[in-house]
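Numbering (my numbering), first residue to last: 5 to 274.
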């Protein structure tokens with residue numbers, strides 16, 4: 005649920021709760037559903053299923069990550085969440101989200117990568133003091149093919165220090181995706197048992213190559229995670245090169261006098 009991660013584009017993963025409901029083709033082979041059901045033995049998937057809030061010990065890890073980042077003088081990226089969608093309309097999500105926002109505001113050395121497929125709900129799920137965006141929050145959405153490209157339109161309308169698109173799992177070309185206002189794009193083919201190699205390996209390389217070109221033209225930072233493969237973190241080169249870049253020049257504001265790294269989520273009762 006938290007700690008070091010196999011996800012190449014972040015330093016940590018954190019889940020405030022576990023569980024979700026599938027909303028589009030990108031969800032069909034959801035690794036998170038398989039993990040919670042087969043490895044953890046819990047049933048948290050589907051509209052009517054319960055969601056499970058993660059343990060106090062899990063939340064306390066945020067304190068340690070923030071402290072270590074401050075001591076090192078190096079920011080850390082936290083993906084939230086690998087087993088949930090932070091903007092889901094579920095009673096447990098609604099009840100827990102304020103605690104998540106509080107944790108985010110009290111860990112200023114952590115850059116929070118909040119990824120959702122429910123872009124139409126982002127605005128109503130933001131905290132009242134969002135303003136032009138929390139300085140340590142990157143807002144992102146998953147776009148697997150042009151059928152759900154509208155998610156980028158929703159995203160670009162919301163003020164944020166960094167907006168990003170996870171083109172994962174890539175199920176088709178995104179030749180008509182508008183990259184205006186998108187600072188970072190991650191390309192990743194589907195991996196794991198039953199992965200969909202939609203098209204040939206040549207197709208996947210072509211989709212990624214075309215997107216890299218378009219990102220370069222638009223000034224959007226490009227990150228190539230992998231091609232479609234039976235295992236995660238295979239096929240990680242594009243044209244014989246590892247291309248894994250992060251957005252630069254948009255350092256969060258408001259830390260001129262140093263982040264409040266000593267705060268230990270006291271108001272959360274941890």
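Just so it is clear, CB atoms sit at the ideal spot from N, CA and C, and this is done for glycine as well.
Coil, strand or helix - residue 59 by DSSP: Indexing the chain shown from 1 puts residue 59 at position 55. DSSP places residue 59 in coil when its eight states are reduced to three.
Using the Cα positions of residue 227 and residue 247, report the straight-line distance between them to the nearest angstrom. For the purposes of this step, residue 227 is taken as the residue at position 223 of the chain shown. For the purposes of this step, residue 247 is taken as the residue at position 243 of the chain shown. Here the alpha carbon of residue 227 sits roughly 6 Å from the alpha carbon of residue 247.
Identify the continuous beta strand (DSSP E) that holds residue 81 and give its terminal residues. Within the chain shown, numbered from 1, the residue matching residue 81 stands at position 77. That run of the beta strand (DSSP E) goes 80-84.
What are the start and end residues of the beta strand (DSSP E) that includes residue 17? Sequence index remark: in the chain shown, residue 17 carries index 13 (1-based). Residue 17 -> beta strand (DSSP E) spans 16-18.
Specify, as a first and last residue, the run of the alpha helix (DSSP H) that residue 190 falls within. The residue labelled residue 190 in the question sits at position 186 within the chain shown. It is not in any alpha helix (DSSP H) - residue 190 instead sits in the beta strand (DSSP E) that spans 188-192.
Could you have a look at residue 65 and say whether DSSP puts it in helix, strand or coil? If you number the chain shown from 1, residue 65 lands on position 61. Note: residue 65 maps to helix in three-state DSSP.
Beta-carbon separation (whole angstroms), residue 186 vs residue 168, contact threshold 8 Å: What you label residue 186 is simply residue 182 of the chain shown in a count that begins at 1. What you label residue 168 is simply residue 164 of the chain shown in a count that begins at 1. 7 Å between Cβ atoms; contact.
Put residue 133 into one of helix, strand or coil per three-state DSSP. Locating residue 133 in the chain shown gives position 129, where the first residue counts as 1. Coil at residue 133, not helix or strand.
Could you pull the DSSP bridge partners for residue 226 from this structure? If you number the chain shown from 1, residue 226 lands on position 222. 189.
Check whether the Cβ atoms of residue 305 and residue 92 sit closer than 8 Å, and answer yes or no. With the chain covering 5 to 274 only, the question about residue 305 has no answer from this structure.
For residue 118, report the span of its alpha helix (DSSP H) as first-last. Numbered from its first residue, the chain shown carries residue 118 at position 114. For residue 118, no alpha helix (DSSP H) encloses it; the enclosing beta strand (DSSP E) starts and ends at 114-120.
Taking just the CA atoms, how far does residue 231 sit from residue 208? The sequence position of residue 208 within the chain shown is 204, counting from 1. The sequence position of residue 231 within the chain shown is 227, counting from 1. When rounded, the distance between both Cα atoms is 6 Å.
Less than 8 Å separating the beta-carbons of residue 107 and residue 55? Position 103 of the chain shown, counted from the start, is the residue given in the question as residue 107. Position 51 of the chain shown, counted from the start, is the residue given in the question as residue 55. Not a contact, by the Cβ cut-off of 8 Å.
In angstroms, rounded to a whole number, what distance separates the CA positions of residue 104 and residue 217? Counted from its first residue, the chain shown places residue 104 at position 100. Counted from its first residue, the chain shown places residue 217 at position 213. Each residue's Cα considered, the two are about 36 Å apart.
Which first and last residues belong to the beta strand (DSSP E) in which residue 143 is found? The residue you call residue 143 lines up with position 139 of the chain shown. Element bounds for residue 143: 141-146.
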